[in-house]
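Notes to accompany the following structure.
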Amino acid sequence: MIEHWIGGRRVASKTTFADHSPIDGVPPTPVARGGPAEVEAAVHAAKAAFSSWSKTSREERASVLHAIADGVDKRANVLAEVETSDNGALLRSHLRGVMPRVAHNFRFFADWLVGELHHPGFDTRTYTNHVSWDPAGVCALITPWNAPLMLATWKIAPALAAGNTVVLKPAEWTPMTASLLCDIAAEAGLPDGVLNVVQGYGEEVGTPLVSHPEVRRISFTGSVPTARLIAAAAAPNLTPTSFELGGKSPLIVFADADLTLAADLAIEQYDNAGQVCLAGTRLLVEESIAGEFTARLLHRIAMLNQGDPREESTDIGPQIHPDHLDRIDGFVQRAKAAGATALAGGGPNTDLGGLYYQPTLFTNVAPDSEIVTEEVFGPVLTLQTFSTEEQAVTMANSTRFGLAAVVVTTDPQRAQRVSGQLVAGTVWVNCFFVRDLRAPFGGSRQSGIGREGGNWSFDFYCDVKNTVSPHG
Ligand code: NAD
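For the record, in the sequence shown the residue sitting at position 144 is 146 according to this note's numbering, with numbers rising by one throughout.
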């Protein structure tokens with residue numbers, strides 16, 4: 003049974019819901035089903051804890067965050083196994099990439115707080131301006147299911163480092179690792195009430211949380227429609243929000259590209275069964291090399307190994323949930339009906355059954371069609387061609403999203419020219435998914451509001467104050 007964590011102890015609810023693993027044969031886990039009462043208790047606990055946590059020194063907070071990171075390292079194997087069972091992403095990715103990153107989230111923001119977060123202030127002829135970062139208060143953090151612990155800790159670590167207290171609402175499809183993190187945080191010496199977790203559904207827990215008048219910040223990662231609801235719920239209190247939302251990122255391959263690298267980068271877009279916000283799902287390929295690139299990519303797709311995400315040899319695991327698989331298949335079948343050609347895949351993997359969906363590659367897609375403009379959030383790529391650099395940029399910028407873009411070229415000047423014109427929070431040139439926590443992260447247009455990472459996180463999670471006083 004997964005319970006809430008409120009005020010430093012486990013709390014049950016009158017009712018539960020079932021958390022189903024996407025892996026066949028794993029029994030469902032009952033989860034406490036929170037509502038307004040649990041939200042009220044959690045916000046109350048977080049507010050009470052704020053009065054002392056916000057007054058701790060930077061060094062004290064950094065030391066607790068380091069202890070949490072050590073606890074994550076110690077339990078990395080269990081966390082990875084539980085996360086894989088809960089969301090179906092590859093165990094090897096959780097072991098080698100995600101859990102080290104989770105620990106790094108805490109270490110990075112602890113070190114940044116102590117070493118980097120300062121502003122020199124400035125003097126005028128007669129006055130001194132002193133800039134400080136004051137903790138904001140109770141932060142509501144709401145996370146999706148595709149990278150549960152990585153995204154939760156990307157928010158929790160800076161919020162706590164800044165001296166705030168937190169109420170986290172994990173996605174209802176992946177409640178487990180947040181619960182384990184509470185044990186780790188308590189063992190690390192995080193005072194009761196500083197971190198609280200309320201489990202449950204969006205409307206039942208999320209809505210009362212984001213509309214609560216005692217909540218001073220809302221950081222949300224999820225879909226655009228939910229962001230609209232949260233923005234409306236936050237409006238009466240004018241609560242500041244940070245939104246990291248969906249994407250439909252372009253991956254642009256120029257004729258001068260290293261085609262082996264281009265195919266490697268394209269194949270990476272199927273990672274996590276395509277359930278990655280940043281994925282470059284729109285392949286834009288220069289006409290003159292489209293034939294050769296497509297042949298290489300199809301060869302690589304045919305080599306992908308789909309199966310149990312706990313196996314070392316697996317490349318693509320299951321989708322998260324039957325509803326999500328149906329949603330993906332809806333996009334694919336409508337694309338076919340609209341005249342798109344599936345060069346690979348095009349439906350569920352009937353050999354494996356369950357929640358496995360074939361890695362799919364579409365061509366003959368209309369520029370304004372749904373499959374080109376809407377986020378599928380599954381293992382589905384489209385391939386379009388262009389003949390000039392200008393056309394590539396226009397096509398790249400043609401959706402309502404602006405989360406990321408990938409540019410593959412051996413010409414450094416072209417890379418600079420094209421990157422400068424792309425509407426995206428992150429542009430990767432000849433690489434993908436490289437994320438340094440010092441860098442700003444977020445989306446443009448409907449891919450988000452605000453940036454987090456390094457000082458950008460502290461700017462969001464703090465009330466930045468300027469104190470002016472006369473010299474002497
Ligand atoms: P979602 O918007 O359905 O849910 C996200 C979270 O919001 C869940 O915890 C859900 O319970 C909660 N929620 C739902 N309704 C709510 C409401 N009315 N008020 C408050 N909270 C509510 O998204 P999802 O399906 O879980 O995740 C997939 C989406 O997340 C995709 O669009 C993906 O691109 C996006 N995403 C973005 C990033 C990024 O960094 N930009 C990272 C990962 C995922």
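Just so it is clear, CB atoms sit at the ideal spot from N, CA and C, and this is done for glycine as well.
> If you run the structure through DSSP and keep just helix, strand and coil, what is ASN432?
Replying inline: The three-state reading of DSSP puts ASN432 in coil, since its state is none of H, G, I, E or B.
> Cβ-heavy atom distance between THR86 and ligand 1 below 6 Å?
Replying inline: Flag unset: Cβ of THR86 not near ligand 1.
> Do you know offhand how far ILE25's Cα is from GLN393's?
Replying inline: One C-alpha to the other measures close to 43 Å.
>> With distance defined between alpha-carbon atoms, name the residue in PHE388, SER421, ALA417 nearest to GLY404.
In response: When only C-alpha atoms are compared, the closest one is SER421.
> Hey, would you say the C-beta of GLY455 is under 6 Å away from at least one heavy atom of ligand 1?
Replying inline: With a threshold of 6 Å, the Cβ atom of GLY455 does not count as near ligand 1, since no heavy atom of the ligand is closer than that.
> Can at least three beta-carbon pairs, one atom from the region 283-299 and one from the region 430-437, be found at a separation below 8 Å?
Replying inline: Remark: fewer than three beta-carbon pairs, one from each stretch, lie closer than 8 Å, so the region 283-299 and the region 430-437 are not flagged as touching.
>> Taking 8 Å as the limit between beta carbons, can you name the residues of its chain near ASN351, skipping five residues before and five after?
In response: Excluding the 5 residues flanking it on each side, ASN351 has same chain C-beta neighbours closer than 8 Å at GLN308, TYR358, TYR359, GLN360, in chain order.
>> Quick test of the definition: if touching needs 3 or more C-beta pairs under 8 Å, does the region 183-190 touch the region 67-81?
In response: Segments in contact, yes.
> Of all the CB atoms in chain C, is at least one closer than 7 Å to the CB of GLY444?
Replying inline: Among the protein chains of the structure shown there is no chain C, as only one such chain exists.
>> Per the DSSP calculation, ASN131 is bridged to which residue(s)?
In response: ASN131 pairs with PHE124, VAL470.
>> Tell me the DSSP secondary structure of GLY404 in three-state form.
In response: Correct three-state label for GLY404: strand.
> Is any heavy atom of ligand 1 found at a distance shorter than 6 Å from the C-beta of SER54?
Replying inline: In this structure, SER54 has its beta carbon at no less than 6 Å from each heavy atom of ligand 1.
> Would VAL466 be called buried (16 or more neighbouring beta carbons within 10 Å of its own) or exposed?
Replying inline: Per the 10 Å Cβ criterion, exposed.
>> At the level of alpha carbons, what is the spacing between THR209 and PRO238?
In response: When rounded, the distance between both Cα atoms is 13 Å.
>> When you compare the region 219-227 with the region 128-142, are there three or more beta-carbon pairs, one atom per stretch, that lie closer than 8 Å?
In response: Taking a cut-off of 8 Å for Cβ pairs, the region 219-227 and the region 128-142 touch, as three or more such pairs fall below it.
>> Taking the beta carbon of PHE124 as the centre, do at least 16 other beta carbons fall within 10 Å, making it buried, or is it exposed?
In response: Burial call: exposed.
> Relative to the alpha-carbon of LEU151, which residue among GLY202, ASP194, THR86, ARG298 has its alpha-carbon at the smallest distance?
Replying inline: Considering only alpha carbons, the answer is THR86.
>> Please tell me whether, using a cut-off of 6 Å, the distance from the CB of TRP7 to the nearest non-hydrogen atom of ligand 1 is below it.
In response: In this structure, ligand 1 has no non-hydrogen atom nearer than 6 Å to the beta-carbon of TRP7.
> For GLY276, is the beta carbon positioned less than 6 Å from some heavy atom of ligand 1?
Replying inline: A distance criterion of 6 Å places the beta-carbon of GLY276 beyond contact range of ligand 1, judged by its closest non-hydrogen atom.
> In or out: ASP331 buried (at least 16 other Cβ within 10 Å) or exposed?
Replying inline: Buried is the call here.
> ligand 1 heavy atoms versus the CB of ALA173: any closer than 6 Å?
Replying inline: Answer for ALA173: yes, Cβ within range of ligand 1.
> Where does GLY450 sit, in a helix, a strand or coil, going by DSSP?
Replying inline: The three-state reading of DSSP puts GLY450 in strand, counting E and B together.
> Is DSSP giving TYR463 helix, strand or coil here?
Replying inline: Reduced to three states, the DSSP call for TYR463 is helix.
> So ILE322 packs on GLY27, CB below 8 Å; how close in whole Å?
Replying inline: Contact between ILE322 and GLY27 fails: their C-beta atoms lie close to 16 Å from each other, not under 8 Å.
>> Quick check: the Cα distance between SER446 and HIS473, rounded to an integer number of angstroms?
In response: Between the alpha carbons of SER446 and HIS473 lies a distance of about 42 Å.
>> Considering Cα atoms alone, identify which of ALA426, SER15, ASP310 is closest to ARG94.
In response: Across the set ALA426, SER15, ASP310, the C-alpha of ASP310 shows the shortest separation from the C-alpha of ARG94.
> What number of angstroms, rounded off, separates the C-alpha of LYS16 from the C-alpha of TYR203?
Replying inline: The straight-line gap from Cα to Cα measures roughly 15 Å.
>> Relative to the C-alpha of TRP7, which candidate in LYS171, GLU246, VAL409 has its C-alpha closest?
In response: With distances taken between Cα atoms, TRP7 lies closest to LYS171.
> What residue does the alpha helix (DSSP H) around THR209 start on, and which one ends it?
Replying inline: Start and end: 209-212.
> Does the Cβ of GLU174 have 16 or more other Cβ atoms within 10 Å, making it buried, or fewer, making it exposed?
Replying inline: GLU174 comes out buried.
> Would you call the region 263-272 and the region 245-255 touching, i.e. three or more CB-CB distances under 8 Å?
Replying inline: With the rule of 3 Cβ pairs closer than 8 Å, the region 263-272 counts as touching the region 245-255.
> So what's PHE19 in DSSP terms, helix, strand or just coil?
Replying inline: Correct three-state label for PHE19: strand.
> Below 7 Å between beta carbons: does that hold for PHE388 and LEU263?
Replying inline: No, these two residues do not count as a Cβ contact at 7 Å.
> For ARG63, which residues of its own chain have a beta-carbon under 8 Å away from its beta-carbon, when the five flanking residues on both sides are left out?
Replying inline: Same-chain partners within the cutoff: TRP55, ALA112, LEU115, LEU162, ALA163, GLY165.
> Which class does GLU216 belong to by DSSP, given the choice of helix, strand or coil?
Replying inline: Residue state, collapsed to three classes: coil.
>> Quick check on the DSSP output: the beta strand (DSSP E) that includes CYS279 runs from which residue to which?
In response: In the DSSP assignment, CYS279 falls outside any beta strand (DSSP E) and carries neither an H nor an E.
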